[in-house]
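Chains as they are written, first to last, in this note's numbering: chain A, 1 to 92; chain B, 1 to 361.
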């Protein structure tokens, strides 16, 4: 199963994320977000908007490469994939 | 007598408590998050905060213990497949305004959002439904547009204590819309308004009311600080009359507050219009009318009269009885206990202020 690491910046809102990384059953980035939300209800709303697009200041890396499809999260995952959910370098 | 002052700011929700002649900060919540609007539901005492996380989107929180602890509730969500006017998928971008319902509908709340959806909850904010009548209004796709924000947004919701089926909203940019059947159907109510940024300034849809307020005791008296001046209606928004007096100054601005009892009294915080957007002549003032907008009086006692660049956003002015308070883009908050005749500074180093609301606690 893909292994998912979630940025520390989200632990403030979902303290149980500190127990990660998490091995989640998912064949795509979209399924990975759904699997995260099933485990941490409400978390998907922090990562994607109402239409399912990745939020502008959230980055998703699969095996150290940024996902290509930020609108529908169609990038595929394999059993050995490592996923990082990151906060973009923005703020202020 | 209000005992709390709630500030929604660029960096936190701040709660100030009445202390002596002013208010002192006692609590800070949501540190780091933008807070477009914070208010109290007078029916239950619950505090609400609309959040705008830079990274994580728009969220909604409430506190049932005066701000000691907060809980997150699911924010309004645009239904799958809905489109904005530009054809892009509609998704919640900003929670701009929250309005508790009438006492006769104790679980009802209204949320005004960008990109233009009005959401209604009938279970105290647990779940939200998009108001279809307004969202499906035929004017929305081509005649609503961004003003203040990149997409259309709803920033004012006015309820009529005499008739729960009557709802007015203010939309930038579209104008004032009214429903008299509980939100099933809507009609624009902008007669008399002039949008000098449109090819047809008298267009029925496309006006920019920055904020709309009503006299609680006489709900047919409405006031709006519009992008193009100040307007008043004495017939429930059927007709608007321009009541600006640029030299007062009273013309451009964002916020307007109506006296709850006297239908002839209102307050604005003037600024220089359009691309400049600073205090008029570098001198901060609040202008007040007590004759229905025939004349305006600039109230300056206690406010900085040189090198002031403050602008007061649309939700950052409030009145409760004789108490008036406002906050500014440069993090200053001012308070008056005598209807604006004199002012005291409550702090100069707050984050930019988005909303100011009195509360009980």
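Glycine residues also receive a C-beta, built at the ideal position from the N, C-alpha and C atoms. Just so you know, these numbers come straight off a predicted model, no measurement behind them.
Cutoff 6 Å; reference residue i; Cβ partners in own chain excluding five residues on either side
i             : result
residue 40/A  : 14
residue 47/B  : 40, 63 and 67
residue 99/B  : 110 and 157
residue 71/A  : 53
residue 293/B : 232 and 243
residue 211/B : 156, 225, 255, 256 and 314
residue 18/B  : 3
residue 215/B : 221, 258 and 263
residue 219/B : 160
residue 82/B  : 90
Residue i: first and last residue of the uninterrupted beta strand (DSSP E) it sits in
i             : result
residue 267/B : 266 to 268
residue 114/B : 109 to 114
residue 96/B  : 94 to 100
residue 7/B   : 4 to 9
residue 318/B : 317 to 320
Counted within 10 angstroms of its Cβ, other Cβ atoms place residue i as buried (16 or more) or exposed
i             : result
residue 34/B  : buried
residue 197/B : exposed
residue 89/A  : exposed
residue 217/B : exposed
residue 1/B   : exposed
residue 161/B : exposed
residue 59/B  : buried
residue 307/B : exposed
residue 345/B : exposed
residue 112/B : buried
residue 78/A  : exposed
residue 24/B  : exposed
residue 12/A  : exposed
residue 150/A : In the structure as shown, chain A starts at 1 and stops at 92, and residue 150/A therefore has no counterpart that could be examined.
residue 2/A   : buried
Top-ranked residue by Cα proximity to residue i, from the options
i             : options                       : result
residue 363/B : 179/B, 52/B and 66/B          : One cannot answer for residue 363/B here, as it falls past the ends of chain B, which runs 1 to 361.
residue 300/B : 248/B, 276/B and 3/B          : 248/B
residue 297/B : 339/B, 45/B, 25/B and 359/B   : 339/B
residue 145/B : 175/B, 55/B and 186/B         : 175/B
residue 207/B : 173/B, 236/B, 178/B and 199/B : 173/B
residue 38/A  : 24/A, 87/A, 68/A and 64/A     : 24/A
residue 317/B : 261/B, 32/B and 37/B          : 37/B
residue 132/B : 153/B, 101/B, 183/B and 217/B : 183/B
residue 16/A  : 62/A, 43/A, 63/A and 67/A     : 43/A
residue 199/B : 209/B, 143/B and 241/B        : 143/B
residue 377/B : 129/B, 244/B, 154/B and 18/B  : Only positions 1 to 361 of chain B appear in this structure, which leaves residue 377/B out of reach.
residue 65/B  : 45/B, 229/B and 238/B         : 45/B
residue 136/B : 90/B, 241/B and 209/B         : 90/B
residue 314/B : 307/B, 327/B, 321/B and 322/B : 327/B
residue 159/B : 286/B, 120/B and 205/B        : 120/B
residue 240/B : 279/B, 275/B, 96/B and 204/B  : 204/B
residue 278/B : 6/B, 107/B, 310/B and 335/B   : 310/B
residue 185/B : 166/B, 191/B and 194/B        : 166/B
residue 281/B : 271/B, 97/B and 191/B         : 271/B
residue 273/B : 153/B, 312/B and 235/B        : 312/B
residue 80/A  : 59/A, 87/A and 64/A           : 64/A
residue 268/B : 21/B, 213/B, 235/B and 337/B  : 213/B
Own chain partners of residue i with C-beta closer than 7 Å, once the 5 adjacent residues on each side are dropped
i             : result
residue 9/B   : 35, 350, 351, 352, 353 and 354
residue 331/B : 348, 349, 350, 351, 352 and 353
residue 371/B : Given that chain B is displayed from residue 1 to residue 361, the structure contains no residue 371/B and the question cannot be resolved.
residue 141/B : 85
residue 237/B : 168, 176, 178, 189 and 222
residue 33/A  : 44, 47, 48 and 73
residue 229/B : 242, 244 and 251
residue 75/A  : 28, 29, 62, 67, 68 and 69
Other residues of its chain near residue i: CB distance less than 8 Å, five sequence neighbours each side excluded
i             : result
residue 30/B  : 12, 13, 49, 51, 61 and 70
residue 72/B  : 59, 60 and 61
residue 283/B : 300, 303, 304, 305, 306 and 308
residue 20/A  : 4, 5 and 6
residue 125/B : 48, 60, 62, 73 and 109
residue 88/B  : none
Segment limits, alpha helix (DSSP H) that includes residue i
i             : result
residue 141/B : 140 to 143
residue 31/A  : 29 to 39
residue 135/B : 132 to 135
residue 45/A  : 44 to 47
Short CB-CB distance (under 8 Å) between residue i and chain E
i            : result
residue 89/B : Absent here is chain E; the protein component of the structure consists of chains A and B.
Taking any Cβ of chain A, which residues in the stretch 53 to 64 of chain B have a Cβ under 7 Å from it, in chain order? Listed in sequence order: 54, 55, 56 and 57.
Residues of the stretch 50 to 83 of chain A whose Cβ lies closer than 9 Å to any Cβ of chain B, in chain order: Residues passing the 9 Å Cβ filter: 50, 51, 52, 53, 55, 56, 57, 58 and 71.
Note down, in chain order, all residues in the stretch 92 to 106 of chain B with a beta-carbon under 9 Å from any beta-carbon belonging to chain A. Flagged, chain order: 92 and 93.
Contact residues within the stretch 255 to 273 of chain B, judged by C-beta distance below 9 Å to chain A: Taking 9 Å as the Cβ-Cβ cut-off against chain A, none of the residues of the stretch 255 to 273 of chain B qualify.
Name, going along the chain, the residues of the stretch 29 to 50 of chain B whose beta-carbon falls closer than 8 Å to a beta-carbon of chain A. none
May I ask you to list, following chain order, the residues of the stretch 349 to 361 of chain B that have a beta carbon less than 9 Å from some beta carbon of chain A? none
When you check each C-beta in the stretch 6 to 31 of chain A against every C-beta of chain B, which residues fall closer than 8 Å? 9, 10 and 13
Residues from the stretch 288 to 304 of chain B in contact with chain A, defined by Cβ distance under 7 Å: The stretch 288 to 304 of chain B vs chain A, Cβ under 7 Å: nothing.
With 8 Å as the limit, tell me which residues of the stretch 66 to 78 of chain B have their beta carbon closer than that to any beta carbon of chain A; keep them in chain order. If the cut-off is 8 Å between Cβ atoms, the stretch 66 to 78 of chain B has 72, 74, 75, 77 and 78 near chain A.
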